[in-house]
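Chains H and A are the protein sequences, given in the same order.
For what it's worth, the numbering used here labels the leading residue of the first sequence as 333, then goes sequentially.
For what it's worth, the numbering used here labels the leading residue of the second sequence as 333, then goes sequentially.
Heads up, the beta-carbon is just placed ideally off N, CA and C, and yes, glycines get one too.
The structure presented is a predicted model; accordingly, all values stated were derived computationally and were not measured.
Just below is one structure, and these are the notes that go with it.
Number of protein chains: 2
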Amino acid sequence: MELALAAAHEAASRGEVPVGAVVLAPDGRVIARASNEVEARQDPSAHAEILAMRAATAALGTRSLAGCTLVVTLEPCPMCASAMVHFRLGRVIFGAYDPKGGGVDHGPRIFEQPACLHRPEVIGGVCEQENARILKDFFITLRETRDF
Amino acid sequence: MELALAAAHEAASRGEVPVGAVVLAPDGRVIARASNEVEARQDPSAHAEILAMRAATAALGTRSLAGCTLVVTLEPCPMCASAMVHFRLGRVIFGAYDPKGGGVDHGPRIFEQPACLHRPEVIGGVCEQENARILKDFFITLRETRDF
């Protein structure tokens, strides 16, 4: 989670919503690391989780992340949670809960849908306060800067 | 829908699950066209809709597809439907319904979620039989080839 949080801090320094993610191989090696690049790529699908999972499959030379763990600073949105189903991800560990935008423990609760074909193991709320703080700080600064 | 179906046929000829999509600008011009590339890219998130929306924002030089229409041969899955929310897509027109994998009229019904922040207009079941046929034919051939 420390690596994911460092990636989130890097995103914040680039003016991105600060979310960071890493993917670990079944043996615990870090095989991918990414942060939110929506602004840099002008691509609303360039969330940290999607970028990290793409990099992980490229690193493994496979289409499946079975047995792999994705660690991310924020509860994944419904798009990223659904992508985890397609990637056959083994486990997701996330930091802060996201009652407004989350899709795992909130909203459509993607993995609890009866038609969901693959359910990663889920561990949520890890280092919750620290992971929530970076987002709060980012949006406070944004409001001050943009005079909302 | 003819263009999207042609893209789906191209996907089938490459051994991909045959789904095709196009994006139209608010003035009706086709600004992006894509088909499923999961096998070619070894990327489970490379669905036709995501690729077409990425190409469309690149073509427009913007992050938003407000006022744009995406036409796709199959009901979008929850990942693609959720991506449409992030892309602020104006309208989605889809062909065949997908009771097992769909996320618009089936499963989590992404746009009907109370927390959904943007709801594209939806028109489903357009040229349904023709769009369903290409998928059925593909899976029949696959079963015969792989001796399932």
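### For Ile442 of chain A: DSSP bridge partner residues
DSSP links Ile442 of chain A through a beta bridge to no other residue.
### Query
Does Ser315 of chain H have its Cβ less than 7 Å from a Cβ in chain A?
A question about residue 315 of chain H goes unanswered here, because the residues of chain H that appear run from 333 up to 480.
### Task
Take the Cβ of Ala372 of chain A as the centre, count every other Cβ of all protein chains shown within 10 Å, and call the residue buried at 16 or more, exposed below.
Residue environment analysis places Ala372 of chain A among the exposed positions, since fewer than 16 neighbouring C-beta atoms fall within 10 angstroms of its C-beta.
### Task
Within the same chain, show all residues whose beta-carbon is closer than 8 Å to that of Leu335 of chain H, passing over the 5 residues directly before and after it, in chain order.
Excluding sequence neighbours, Leu335 of chain H sits near Gly352, Val354, Val362, Arg365 and Val403.
### Query
How would you label Gln445 of chain A, buried or exposed, when you count the other beta carbons within 10 angstroms and need 16 or more for buried?
Buried: at least 16 other Cβ atoms inside 10 Å.
### Query
What separation, rounded to the nearest whole angstrom, lies between the Cα atoms of Phe471 of chain A and Asn368 of chain A?
Rounded to whole angstroms, Phe471 of chain A to Asn368 of chain A spans 15 Å at the Cα level.
#### Entry: Extent of the continuous alpha helix (DSSP H) run through Ser345 of chain A
Taken as a continuous stretch (DSSP letters only), the alpha helix (DSSP H) holding Ser345 of chain A covers Glu334 to Ser345.
### Task
Report, in whole angstroms, the separation of the C-beta atoms of Val424 of chain A and Met416 of chain A, which I expect to be a contact under 8 Å.
Contact check for Val424 of chain A and Met416 of chain A: beta-carbon distance about 6 Å, within the 8 Å limit, so the pair qualifies.
### Message
My assumption, with CB atoms under 8 Å, is that Pro350 of chain H sits in contact with Leu467 of chain H. Please give the rounded CB distance.
### Response
So it is a contact: roughly 6 Å between Cβ atoms.
### Query
Quick one: is Phe480 of chain H near chain A, going by C-beta distance under 7 Å?
Confidence at Phe480 of chain H is low in this model, with a pLDDT of 48, below 50, so the placement of that residue should be treated as unreliable; the coordinate-derived value is given next. Taking Cβ atoms only, chain A never reaches closer than 7 Å to Phe480 of chain H, which makes this a no.
#### Entry: Buried/exposed call for Gly434 of chain H, threshold 16 Cβ in 10 Å
Within 10 angstroms of the beta-carbon of Gly434 of chain H lie 16 or more other beta-carbons, which makes it buried.
### Query
Taking Cβ positions only, does Ile382 of chain A come closer than 7 Å to chain H?
Closer than 7 Å: yes.
### Query
In its own chain, which residues sit with a C-beta less than 7 Å from the C-beta of Ala464 of chain H, not counting the 5 before and 5 after it?
Around Ala464 of chain H: Ala428.
#### Entry: Cα-Cα separation, Thr473 of chain A to Thr473 of chain H
Pairing Thr473 of chain A with Thr473 of chain H, the inter-Cα distance amounts to about 57 Å.
### Task
Quick one: which residues of the stretch 413-434 of chain H get their C-beta closer than 7 Å to a C-beta of chain A? List them in chain order.
Residues passing the 7 Å Cβ filter: Ser414, Ala415, His418, Phe419 and Lys432.
### Assigned exposure category for Ala384 of chain H - 16 Cβ within 10 Å defines buried
Result: buried.
### Message
Would Ser377 of chain H and Ile382 of chain A be called neighbours here (beta carbons separated by less than 7 Å)?
### Response
The answer is yes: Cβ separation under 7 Å.
### Any chain H beta carbon closer than 7 Å to Gly439 of chain A
Taking Cβ atoms only, chain H reaches closer than 7 Å to Gly439 of chain A, which makes this a yes.
### Query
So which residues of chain A does Arg451 of chain H contact, with C-beta pairs closer than 7 Å?
Ordered by position in chain A, no residue passes the 7 Å Cβ test against Arg451 of chain H, which lies about 14 Å from the chain.
### Query
In or out: Pro440 of chain H buried (at least 16 other Cβ within 10 Å) or exposed?
Buried, by the Cβ-count rule.
### Query
Do Asp375 of chain H and Leu406 of chain H come within 7 Å of each other at the CB atom, strictly closer than that value?
Contact check for Leu406 of chain H against Asp375 of chain H fails: the beta carbons are separated by 7 Å or more.
### Query
For the stretch 333-348 of chain A, which residues have a beta carbon sitting closer than 9 Å to at least one beta carbon of chain H?
The stretch 333-348 of chain A vs chain H, Cβ under 9 Å: nothing.
### Task
Compare the C-beta of Pro410 of chain A with all C-beta atoms of chain H and state if any pair is closer than 7 Å.
Answer yes: the Cβ-Cβ gap between Pro410 of chain A and chain H drops below 7 Å somewhere.
### Query
Below 7 Å between beta carbons: does that hold for Ile442 of chain A and Ala398 of chain A?
No, the pair does not count as a contact, with Cβ atoms beyond the cut-off.
### Message
For Cys400 of chain H, tell me which candidate among H:Gly456, H:Thr389 and H:Arg475 has the shortest Cα-Cα distance.
### Response
For the residues H:Gly456, H:Thr389 and H:Arg475, the minimum Cα distance to Cys400 of chain H belongs to H:Thr389.
### Query
When the cut-off is 7 Å and only beta carbons count, does Val465 of chain H lie next to chain A?
Position check: residue 465 of chain H holds Arg in this sequence, whereas Val was assumed. Taking Cβ atoms only, chain A never reaches closer than 7 Å to Arg465 of chain H, which makes this a no.
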